[in-house]
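All the letters of the sequence shown, read from the start, carry residue numbers 20 to 164 under my numbering.
Cβ atoms here follow ideal geometry from the backbone N, Cα and C, with glycine treated the same way.
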Amino acid sequence: MPKVTLGDWFCFSDKRTNFGIDPVRDSKYLFGDKKWADDPGIKWYREHFAKYLSGADIGDANYLFGTQQGQILEQVLKQCGDDLSRENIVKQSRSIRGLSLPTLIPGVTINTGPESSMAYTQLQLQRWNGTTWEQFGNVLSADEK
20 MPKVTLGDWF CFSDKRTNFG IDPVRDSKYL FGDKKWADDP GIKWYREHFA KYLSGADIGD
80 ANYLFGTQQG QILEQVLKQC GDDLSRENIV KQSRSIRGLS LPTLIPGVTI NTGPESSMAY
140 TQLQLQRWNG TTWEQFGNVL SADEK
């Protein structure tokens with residue numbers, strides 16, 4: 020049965036099949052995996068983390084998730100413009116399309132709609148090769164009918 024691994028609440032894995040899904044770059048393997056060392060989003064996050072959270076554990080996924088939530092809120096406020104009424108904030112929070120965050124798996128975007136305020140609706144399949152996670156296939160989306 021698939022399980023959520025400790026510290027990787029976005030990485031569901033099954034050790035018997037070496038199969039996993041990851042909509043958000045998992046911080047546990049992300050910062051130790053050389054595959055992401057030159058990634059611009061990871062470089063940005065490392066700089067951001069060093070500046071604002073020096074001394075904290077960069078592998079703690081709560082910091083990564085909090086940063087992403089802050090970026091989503093920033094987008095909502097930009098879309099609101101000068102109208103910060105409750106109605107417009109709700110409207111704009113349900114009108115996010117194609118928002119790419121620097122710490123998401125490439126190809127995964129934030130999308131909300133009038134009937135759904137769920138931000139994370141896409142994932143990338145991956146498998147453990149004994150050394151690193153390898154993505155395979157296309158990004159899958161719950162939005163597709």
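Practice item. Just list the alpha helix (DSSP H) runs in the segment 78-103, keeping only unbroken ones of 4 residues or longer that don't cross its boundaries, in chain order. Key: 80-99
Point to revise | Integer Cβ distance of Pro125 from Trp63, believed to fall under 8 Å | key: With a contact defined as Cβ atoms closer than 8 Å, Pro125 and Trp63 miss out at about 14 Å.
Practice item. Give the range of the beta strand (DSSP E) segment to which Arg146 is assigned. Key: Per DSSP, Arg146 belongs to the beta strand (DSSP E) from Leu144 to Trp147.
**Study point:** In DSSP terms, what Gly132 is bridged to
**Key:** The partner list for Gly132 (beta bridge, DSSP) reads Ser135.
Review point. When you compare each of Gln90, Ile61, Ala80 and Ser73 to Ile129 by their alpha carbons, which one comes out closest?
Key: Gln90
Check your understanding: Across which residues does DSSP place Trp152 in a beta bridge pair?
Key -> Trp147
Review point. What whole-angstrom Cβ distance do Leu144 and Leu123 have, given they're in contact under 8 Å?
Key: With 8 Å as the limit, Leu144 and Leu123 do not qualify as a contact, their Cβ atoms being about 15 Å apart.
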